[in-house]
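A.B. asks:
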Amino acid sequence: MRSLAPRSGKDFASNDYLGLAGSTLLHDALREGMALGLPAGSGGSRLLRGNHPAHEALEAEAAAHYGTEAALFMATGFAANAAIFATLPQRGDLVIYDALIHASAHDGMKLGRAETRAAAHNDPQAFDDAITAWRACGGTGRAWIAVESLYSMDGDRAPLGDLAQVAARHEAILIIDEAHATGVFGTGGRGLAEALADQPNVITLHTCGKALGCEGALICAPRVAIDFLVNRARPFIFSTAPSPLVAHMVRKAIGLVASHDDWREDLFARVAEARSLLAPRLGAAPADTQILPVIIGEDARTMRIASALQRQGFDIRGIRPPTVPQGTARLRISITRNVTKGDIGALSESLDKIMIPA
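Whatever position you read off the sequence shown (first residue = 1), add 125 for this note's numbering.
Spelled out as structure tokens, the structure:
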């Protein structure tokens, strides 16, 4: 049974990768917004009275920063993903999604009208074969390819270049969830899809509650797709608009992250330290991302180890099915700028001692 737990111990669990969430820099952005008279609440949906110049300023700046024609600000990444998949693919279309894609995409697809099929994780040929087979069986609509650029439970990157080639061959739309790459990778934190974002067949999603330290999400896409979402996406039309004050803070966060390459350098120095110390436990995990999965396998043992680490002052959470596949329960270790190299060393020592018993 899942339960809510308070924050306690050294942060090896959050997605606050750059340490911005509790920073004075974002406090200053909020104070600036209040001094400008921005309201804390929007008062309604964007299509009624809830639209505010702060939303539009953020969307214009986000589109320019991430290299797309337009952007749409939504309250959460979950709502944004659900809106994309419930709204854009149409009846007669096919959505091929990576087998490890986020739950929000699954929920959006369930609400949508298109046929859906899973493809093997990070296997471009599987995507290609699925579309080819669908066409051979009479599929005539548009194909959509849905992936994450960096997977939150495995810490591995998608082969975006190869997937873009598959999309081009089949005149498909490529949807890339950049949630865990935004702010951390790419020029100025633009993400792993930076080189593809301006393509007319690419849609990217940048969440604001992880490395940007705020909340909400930005769908970045060609103008026609954004206009369609504004007119058809139920999670957008029927939701109260996000706070204008938060929109102002997100806009400031994007600028801060873009101008601080040193934050990313600092983060990756800590990532390198963690991977060096934890390498024997990480199996085939990639060498250059901030998410470190330690696969335990058995659910109960995973939770016992997580609890033992928590008692020693490390906030590490056990991840069990259905969040991850059966038999792959794990510790999800997240490296952020909220911990020091000393904290990482202490964690490594504790983990070695705790994991000895089977």
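Cβ coordinates follow ideal geometry from the N, Cα and C atoms, glycine included.
What first and last residue would you give for the alpha helix (DSSP H) that runs through M234?
C.D. replies: A228 to L236
A.B. asks: Going by C-alpha to C-alpha distance, which of R406, R260 and D386 sits closest to K478?
C.D. replies: Per the Cα distances, R406.
A.B. asks: Please return the same chain residues whose Cβ sits closer than 7 Å to the Cβ of G166, not counting the five positions on each side in sequence.
C.D. replies: S368
A.B. asks: For the candidate residues I270, M234 and D387, whose alpha-carbon lies nearest to that of A244?
C.D. replies: Closest by alpha carbon: I270.
A.B. asks: Would you kindly work out how many angstroms separate the C-alpha atoms of T461 and L143, rounded to a whole number?
C.D. replies: 6 Å
A.B. asks: If you follow the beta strand (DSSP E) that H180 is part of, which residue opens it and which one closes it?
C.D. replies: Here H180 belongs to no beta strand (DSSP E); instead the alpha helix (DSSP H) covers P178 to Y191.
A.B. asks: Have a look at L317, A205, G147 and M159 and flag the residue whose alpha-carbon is nearest the alpha-carbon of F363.
C.D. replies: A205
A.B. asks: On a CA-only basis, which of I379, S170, R267 and M374 is nearest A179? Give me that one, please.
C.D. replies: M374
A.B. asks: Based on Cα-Cα distance, which residue from D223, A195, Y222 and A230 lies nearest to T212?
C.D. replies: A230
A.B. asks: Measure the alpha-carbon distance for E181 versus A433 and round it to whole angstroms.
C.D. replies: 47 Å
A.B. asks: On the DSSP bridge list, what partners appear for A454?
C.D. replies: Answer by DSSP bridge pairing, in chain order: G422.
A.B. asks: Quick one: what's got a C-beta closer than 7 Å to T365's C-beta in the same chain, skipping five residues either side?
C.D. replies: S167, G169, S170 and G175
A.B. asks: Do the CB positions of L370 and F361 come within less than 8 Å of each other?
C.D. replies: no
A.B. asks: Report the residue from L472, A289, G338 and R294 whose alpha carbon sits nearest the alpha carbon of T329.
C.D. replies: A289
A.B. asks: Name the residue from L476, L161 and A195 whose alpha carbon lies nearest to the alpha carbon of V327.
C.D. replies: A195
A.B. asks: Taking only three categories from DSSP, how would you classify K466?
C.D. replies: helix
A.B. asks: If you count every other CB in all the chains shown that lies within 10 Å of the CB of H152, and 16 or more means buried, which is it?
C.D. replies: exposed
A.B. asks: Considering only the alpha carbon of each residue, which of G192, S473 and G264 lies closest to F439?
C.D. replies: S473
A.B. asks: Give the single residue among P164, V419 and D387 whose Cα lies nearest to the Cα of L402.
C.D. replies: V419
A.B. asks: Quick one: which unbroken alpha helix (DSSP H) runs of 4-plus residues sit fully inside the region 193-269? Chain order, please.
C.D. replies: Along the region 193-269, the alpha helix (DSSP H) occurs as fully enclosed runs of 4 or more residues at 202-212, 228-236 and 249-261, listed in sequence order.
A.B. asks: Which residue comes first and which comes last in the alpha helix (DSSP H) that contains H152?
C.D. replies: T149 to A160 is the extent of the alpha helix (DSSP H) around H152.
A.B. asks: For T448 and G341, I'd like the C-alpha separation in whole angstroms.
C.D. replies: Going from the Cα of T448 to the Cα of G341 covers about 22 Å.
A.B. asks: If you run the structure through DSSP and keep just helix, strand and coil, what is T448?
C.D. replies: coil
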